[in-house]
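In full-length UniProt numbering, the protein residues as written are 1 to 779. Positions of the beta carbon are idealized from the N, C-alpha and C atoms, including for glycine. Since the structure is predicted, the reported quantities are computational estimates derived from the model, not experimental observations. Notes to accompany the following structure.
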Amino acid sequence: MPPIPASPLAPGSQQKSGPGKKRVVNYDSDSDSSEAASPAKPKSQAPRANGLSSETPNGFSASSPSRKRSKVQAKNGSGKDKDGEKRLKEADRLWETRRELPFYQGRKTVLEEILANETTIILGETGCGKSTQLPQLLRRNALSLDHYKRAPKIAITQPRRLPAIALATRVSAEMGVAVGEEVGYTVRFEDSTSKATGVRFMTEGVLMRELANNSREASTSEQQGLNLLLQYDVVVIDEAHERTLNTDFLCGALKTIQRIRKGLAGKNGNGAGSSGKGKGKEAVTKLKIVVMSATLDPSKFVRFFETERPALIVKGRMYDVTTRHLLEPAEDFIETAAKQVMQIHCSGDGEGDVLVFMPGAEEIETCADTLRRASKDLPDSSDKLAILPLYAQLAPAAQAKIFSKPAENTRRVVIATNIAETSITIPGVSYVVDTGFKKEKEYIYRSSGALEHLKLKSVSKAAAWQRTGRAGRERAGHCYRLFTEAAFGDLIDFDAPEIQRCDLAAAVLQLIAMGQNPFEFEYIDDPGRESTLGLIPVLAAFQTLSGLEAISGPTTITPLGRRMLHFPLDPSHARILLSSFTHSCPSEIIDILSLVVSGPVWIDRSSERDATAAARQKFLAREGDHLTNMNVFRAYLAIKDDKSESPAKWAKENFVNTKTLQAAIRVRDQLRELVRREGVDPALSCGGDKDSVGRCLLSGLYMNTAVVQSDGTYRQTTGSLQVKIHPSSVLMSKKVPAILYDELTITTAMYARNVSQFEQSWLTDLPPFKQAAKANGST
DNA sequence: GAGCACTGC
């Protein structure tokens, strides 16, 4: 049976003309859809002579990779050696499946649209091949149509690291070249690219950093300070529907860059984008933007980029998924989920693994226990069940089980958080059980600092369809929604973009570094207007950054702010690191910050809390959690170094989270290198003078401070909230005069987490307090 | 006296 394209609800997909209108370009008129979508039936017909597939001046062609090699490949020696031959053979093999991809079928229209327009919006369903084929299409064929005088340089952004690396690897394989030559990737900690790289996959964060660190202040109304990304002819924003913080900021910045480059290219007489052949600097060329997204309502992007053409839609390769809803609301969604899994398993019709979506780790473990017990009652004749929890905090080895082959006669049941919605694709799934819940961090802004809490929320319609689609990636599947159809109808259509949900300080600093005024910036969705989180987020970010002395105006970044951007840290953490240079304690601060940004230091299982607390005492620093955690980190590093004891065993005995410490080691290495580049010795230590560490922490966390009251409780210094020290802190039940903390969470009480003590008098040395004192004195 | 989804530089 040929796969049937799934028809997940695509809000607004049946739209009329005008913005938001879409045109389906999935198949050329001469190819029939069932043929195009069937991987089992390769077409032997040669590519059409449509100007795209014939041989081109530089040797690129749409024929198999080994038959035609590019100049780039030849120059790099690919194909000359054994590895090269192997790669070309593999590329030939991949070629067969490539040309069956829906994207390949519609490539002519896509290329024409991109070449004819400044900005193109492509909606591609899962499996259509857009992310792998688009760069090759542009790189190979743009030249043949006389649009560029050289193969265009392309950047493609991804929200996450893994896809960026995987796509670069895949596209390299398809082109028969080694990763890092013609095609490469740049993500944090890893850069595979070289001068020969024409297609660069990267995370959105890398491109944001590049823009922020290589721009100057806006000097004129034309905003010439902005880095114009002249090394790229085309920038592709992939997975734009996810609307990450960076997606939104990048879209805004790219639109401005495009406008400036258009003006400059017009001035020096460069039309579509030829490179200057004359001596001196390369002439400014126009920038093409391609926005790629899942099949959702494109009207926001169409409107934002003011594209004159409607979005293109490329059909995907999804199988049909039936969806069922409950007739009555579930009383206990964990129990209902377990029952549903057993029913799927025992009804006996159909193969395939089951994927259950749960909001969090605790719910997952409860459900897993229930299922393990139930599976013991299965008759011997029945297939077995393998219950596999999956969430981010899980040890890597347990996570890896998802990808190992299941035992004979065993059905796997993966119980996951929304990590399985986008980040991890589980093979073999044909049943999805969706509780309809997720957890999300919510920030509440106060002028006295942010409060946060994790909230149980219903998913959006779009997310529910995304979960449903996870059942139809390999064969037709089924989705069981553990809520009623009416409840589904009540769900919001889309999740609010991240820009309306989180702390904007880091992004706003980067924006100001680009010479852009955050109050006048063109946002796809205004972060202020629709936010219900108290203070207007941009203003809150502006105040935070002013307090940290990172900025001195809406478009003015201070030298300190510029230096803060040299580090992959939030502004407050970057401020702490810079303070350590003057307080002679970069060694301590680097270790502390590496831990703070890497995750929980301690394994926190409720059944072992006393033992964890006892272990913590072994590393106790009376100053608080920051130095206590640093002591643990250093003990771990020493044990790894000295090799007399197993670090894993040591960590287990001391209830220490090795996942966090391993991550911290990478961050630490990177920070040490960056500090070295600032001309500071990262090993410089304050020795026994721990006050220096406290003063540094206070410079970035002065908003997160509280002082003890006569009744033993703590009250915020910048606000009036009464806060408690979290019971996991070494300072719990110790009465200290003043505390600073990493975060304030509301759970059963207002809890400060990761707490250290400090001396109140230090506050008056800080700029925000000095200014306040001055203002008071003058009136 | 505890209740933590997921990314990224």
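Taking a contact to mean a Cβ-Cβ separation below 8 Å, would you say residue i touches residue j in this structure?
i, j, result
"Phe301", "Leu482", "no"
"Lys457", "Lys438", "yes"
"Asp493", "Ser460", "yes"
"Ile499", "Thr555", "no"
"His566", "Leu593", "no"
"His241", "Leu296", "yes"
"Glu255", "Lys286", "Residue 255 is actually Lys in this sequence, not Glu. Not closer than 8 Å, so no."
"Lys130", "Phe103", "yes"
"Asn704", "Asp742", "yes"
"Ala775", "Phe758", "no"
"Val284", "Ile114", "no"
"Val177", "Gln136", "no"
Relative to the C-alpha of residue i, which candidate in the options has its C-alpha closest?
i, options, result
"Val183", "Pro152, Pro329, Ser381, Ser447", "Pro152"
"Ala464", "Ala476, Leu454, Tyr480, Gly449", "Tyr480"
"Pro767", "Val236, Ala550, Met208", "Ala550"
"Thr97", "Gly127, Glu85, Leu115, Glu113", "Gly127"
"Ala706", "Gly679, Val667, Leu763, Ala663", "Leu763"
"Val508", "Ser546, Gly477, Val656", "Ser546"
"Gly84", "Ile154, Met175, Ser382", "Met175"
"Arg411", "Gly205, Thr417, Gly428", "Gly428"
"Ser423", "Gln466, Gly528, Ser584, Lys384", "Gln466"
"Ala164", "Gly180, Thr186, His147, Leu355", "Thr186"
"Glu308", "Leu385, Ala116, Asn246", "Ala116"
Go ahead and pull the three-state DSSP assignment for residue i.
i, result
"Ser646", "coil"
"Arg715", "strand"
"Ser587", "helix"
"Tyr636", "helix"
"residue 797", "Since the first and last residues shown for the chain are 1 and 779, residue 797 lies out of range."
"Ile237", "strand"
"Tyr148", "coil"
"Ile156", "strand"
"Ile512", "helix"
"residue 780", "Lying before the first or after the last residue shown, residue 780 is absent from the chain, which here runs from 1 to 779."
"Trp762", "helix"
"Leu454", "strand"
"Gln722", "strand"
"Thr244", "coil"
"Lys108", "helix"
"Ser728", "coil"
"Ala775", "helix"
"Ser423", "coil"
"Leu684", "coil"
"Val284", "coil"
I'd like to confirm something about residue i: is its beta-carbon nearer than 7 Å to some heavy atom of the ligand FAD, or not?
i, result
"Ser299", "As presented, the structure is devoid of all ligands, the ligand FAD included, so that no description of it is given."
Roughly how many whole angstroms lie between the Cα atoms of residue i and residue j?
i, j, result
"Ala541", "Ile402", "40 Å"
"Thr203", "Asp495", "22 Å"
"Ser646", "Lys640", "8 Å"
"Lys724", "Ser692", "25 Å"
"Arg243", "Pro497", "5 Å"
"residue 788", "Pro396", "As displayed, the chain neither begins before 1 nor continues past 779, which places residue 788 out of reach and without an answer."
"Cys686", "Asp669", "20 Å"
"Gly252", "Tyr523", "6 Å"
"Arg87", "Ala173", "7 Å"
"Leu230", "Leu264", "12 Å"
"Asn629", "Phe619", "8 Å"
"Val321", "Arg470", "9 Å"
"Arg140", "Asn409", "47 Å"
"Thr119", "Val354", "41 Å"
"Glu306", "Lys288", "13 Å"
"Gly603", "Thr109", "Inspection of the sequence shows that residue 603 is occupied by Ile rather than by Gly. C-alpha separation (whole angstroms): 54 Å."
"Phe655", "Val601", "9 Å"
"Thr718", "Lys339", "51 Å"
"Tyr636", "Pro568", "24 Å"
"Gly20", "Arg372", "Its pLDDT being 38, under 50, Gly20 is placed unreliably by the model, and the measurement read from it follows with that caveat. Each residue's Cα considered, the two are about 48 Å apart."
"Ser299", "Ala311", "8 Å"
"Asn76", "Val179", "At Asn76, the pLDDT of 49 sits below 50, so the modelled position is not reliable and the matter cannot be decided from this model."
Beta strand (DSSP E) segments (min. 3 residues) lying fully within the region 570-630: For the region 570-630, not a single whole beta strand (DSSP E) run of length 3 or above is found.
Any beta strand (DSSP E) of 3 or more consecutive residues that is wholly inside the region 357-406: Fully enclosed beta strand (DSSP E) runs of 3 or longer: 384-390.
Entirely enclosed beta strand (DSSP E) segments - the region 477-561, minimum 3 residues: Those beta strand (DSSP E) runs which fall completely within the region 477-561 and span 3+ residues are 477-484, 551-553.
Unbroken stretches of the alpha helix (DSSP H), 4 residues or longer, contained in the region 332-361: For the alpha helix (DSSP H) assignment, the uninterrupted runs of no fewer than 4 residues enclosed by the region 332-361 are, from N- to C-terminal side, 333-347.
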